[in-house]
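**Q**
The following block contains the structure:
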């Protein structure tokens, strides 16, 4: 049972994630833009953030992640990036994923979501904390 | 393209000149040993030797500027071509002078030089070369006629002193000079027409490439949009299918699983389409040195469980001398993996797959052999085409994307390599990839 913030501009995907996460009794908060997301991070102090890469504004998702990690108050909140990696960023992403200075997130899952995979990664990140 | 064309033509001229030098020496030998004419043989051997010498120097120089790909290459190459042709004309005049002057029927060999000039040079330059040839000719004939320069008679071949016969001299000169100009006129007309045709073909080709690029961009955008939606659909189906909103009754479960399977197939297809479109649109791909041996081992690890499940024996022969090659490792790994996955898919139970990597010096040859269903003979030509699937492959898997092999071809060709297949229906297939190491 944890408070999880989803930042994603696709309401349908947010609903799907809400169902998956609520099946494990997590409390789900959502935001549909980077700006709204950053506000809710400060306000709600979630234990985990699911952050969409939000590519129509290119690497907006990464900017949000960087801002969260640069803030003393929020930098310890783990971030799970949601992305259609191979499709959108190209294959380079995989190679650099280990480089933390480049990619300020703790892990990522590929869309479309596989519920079990998402849940496993969520549990793992919550444990780190 | 233009650069290479020019270089190629100059090299062609240099090659022709080697043939000419050989031809001259053989002709002089025949004249000396068989026809036994008395001529000043020393200069007749010296001149081809000198031609050979300057040809060698030109060869070195052209190779030098060709390697550097100098920016002013075109101007330089043009000057060289003009200079070479002028030298050739001078050498030919000298040869003719020492072997009978105007009496020598070889004077008409000037035509060849005019044709070469018309192919290599502009029309104006070709006419200038014709004028230069005319001047040289008139000078030679005139100096011999007025006895300022010695005349070497082709004794036994023509009547004596034909060269001081005024009518013969003027008549031959007239025919000779008009022949030169006519030759240039005709050859350059043909050459100009060919060049125009070449230019319009090149333009048409560029236009086609541009259209193809626009088409690819369109495909990319559409597939992108579709993928977004289909991905959201799949994300919504999964939690329902897994019973996260309560157990489904068997009918509900069945239908939702069918829906899930179809969206999955569509996602797989869209991914393949995006991959191939993206590589087509990318101007250059990131090339780094990597171990092809380890890459192959990765792919084998990937397919071994599937092969084992089907009772297929996987054999691997890798030559250890291969070392590192330069390329986009992720793409190459995906390509080899795709070929191996195909082999497992289309090889019946208890079959055999062999992957071999052979060192071929500057390149590496990767060969995947299976005892699978093979490819029908009349379809081998098409299997690298986008969306094409062979009849017998469709029987085994109804909805493959038909993009795997075209993607493989794209990847290999982007590495300046080659991919091909040998196959016999019912017996198996051999896919080969030749990749340059650098």
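Chains as they are written, first to last, in my numbering: chain F, 1 to 129; chain E, 1 to 438.
Glycine included, C-beta positions come from ideal geometry on N, C-alpha and C.
Which residues in the same chain as residue 220 of chain E place their Cβ atom closer than 6 Å to its Cβ, once the five residues preceding and following it in sequence are excluded?
**A** Walking along the second chain from the start, residue 220 of chain E turns up at place 220. Hits under 6 Å: 277.
**Q** Should the segment 53 to 66 of chain E be regarded as contacting the segment 30 to 45 of chain E, the criterion being three or more beta carbon pairs within less than 8 Å?
**A** The answer is no - the segment 30 to 45 of chain E does not touch the segment 53 to 66 of chain E, with fewer than three Cβ pairs under 8 Å.
**Q** Kindly list the residues whose CB is nearer than 8 Å to the CB of residue 441 of chain E, restricted to its own chain and excluding five residues on each side of it in sequence; keep chain order.
**A** Not covered by the structure: residue 441 of chain E. The range shown for chain E is 1 to 438.
**Q** Check residue 135 of chain E in the structure and name its three-state DSSP category.
**A** Along the second chain, one-based indexing puts residue 135 of chain E at 135. DSSP places residue 135 of chain E in helix when its eight states are reduced to three.
**Q** Quick check on DSSP: helix, strand or coil for residue 239 of chain E?
**A** Counted from its first residue, the second chain places residue 239 of chain E at position 239. Residue state, collapsed to three classes: helix.
**Q** How is the alpha helix (DSSP H) around residue 75 of chain E delimited, first residue to last?
**A** Residue numbering aside, residue 75 of chain E sits at position 75 when the second chain is read from its first letter. From DSSP, the alpha helix (DSSP H) with residue 75 of chain E extends over 73 to 97.
**Q** For residue 33 of chain F, which three-state DSSP category applies?
**A** Sequence index remark: in the first chain, residue 33 of chain F carries index 33 (1-based). Three-state DSSP puts residue 33 of chain F in coil, outside helix and strand.
**Q** Along chain F, which residues have their Cβ under 8 Å away from the Cβ of residue 301 of chain E?
**A** Position 301 of the second chain, counted from the first residue, corresponds to residue 301 of chain E. Ordered by position in chain F, no residue passes the 8 Å Cβ test against residue 301 of chain E, which lies about 17 Å from the chain.
**Q** Would you decide whether residue 91 of chain F is buried or exposed? Buried here means 16 or more other CB atoms lie within 10 Å of its CB.
**A** For the purposes of this step, residue 91 of chain F is identified with residue 91 of the first chain, where counting begins at 1. Reliability of the predicted coordinates at residue 91 of chain F is poor, the pLDDT of 35 falling under 50, and the value obtained from them is presented with this limitation in mind. Residue 91 of chain F should be labelled buried.
**Q** Figure out for me which residue from E:40, E:293, E:274 has the closest Cα to the Cα of residue 443 of chain E.
**A** Any question about residue 443 of chain E goes unanswered here, given that chain E covers just 1 to 438.
**Q** State the DSSP-derived secondary structure class of residue 53 of chain F, mapped to helix, strand or coil.
**A** Reading the first chain from its first residue, position 53 is the one you call residue 53 of chain F. Three-state DSSP puts residue 53 of chain F in coil, outside helix and strand.
**Q** So the candidates are E:374, E:321, E:205, E:413; which of them puts its Cα closest to the Cα of residue 426 of chain E?
**A** Translated into the one-based positions of the second chain, residue 426 of chain E becomes position 426. Closest option to residue 426 of chain E, Cα to Cα, is E:374.
**Q** Classify residue 411 of chain E as buried or exposed, calling it buried when 16 or more other Cβ atoms lie within 10 Å of its own Cβ.
**A** Looking up residue 411 of chain E in the second chain gives position 411. Buried, by the Cβ-count rule.
**Q** Given that a residue counts as buried once 16 or more other Cβ atoms are within 10 Å of its Cβ, and exposed if not, what is residue 169 of chain E?
**A** On the second chain, position 169 is the one that residue 169 of chain E refers to. Residue 169 of chain E is buried by the Cβ-count criterion.
**Q** Using only alpha-carbon positions, find the residue among E:74, E:149, E:18, E:123 that is nearest to residue 181 of chain E.
**A** Start at 1 with the first residue of the second chain, and residue 181 of chain E comes out as number 181. With distances taken between Cα atoms, residue 181 of chain E lies closest to E:123.
**Q** Please classify residue 350 of chain E as buried or exposed, where buried requires at least 16 other C-beta atoms within 10 Å of its C-beta.
**A** Locating residue 350 of chain E in the second chain gives position 350, where the first residue counts as 1. Residue 350 of chain E should be labelled exposed.
**Q** Using a Cβ cut-off of 7 Å, which residues of the segment 1 to 13 of chain F contact any Cβ in chain E, in chain order?
**A** Listed in sequence order: 10, 12, 13.
**Q** DSSP puts residue 358 of chain E in a beta bridge; with which residues?
**A** As a working mapping, residue 358 of chain E is identified with position 358 in the second chain. Bridge partners of residue 358 of chain E: E:365.
**Q** Can you tell me whether residue 269 of chain E is helix, strand or coil according to DSSP?
**A** On the second chain, position 269 is the one that residue 269 of chain E refers to. Looking at residue 269 of chain E - three-state DSSP - the assignment turns out to be helix.
**Q** For residue 183 of chain E, count neighbouring Cβ atoms within 10 angstroms of its own Cβ and tell me buried if that reaches 16, exposed if not.
**A** The residue labelled residue 183 of chain E in the question sits at position 183 within the second chain. It is buried - the Cβ of residue 183 of chain E has at least 16 other Cβ atoms within 10 Å.
**Q** Quick one: which chain E residues come within Cβ less than 7 Å of residue 20 of chain F?
**A** Position 20 of the first chain, counted from the start, is the residue given in the question as residue 20 of chain F. In chain order: 239, 244.
**Q** By the three-class DSSP mapping on this structure, what secondary structure does residue 421 of chain E have?
**A** Taking the first residue of the second chain as position 1, residue 421 of chain E is located at position 421. Residue state, collapsed to three classes: strand.
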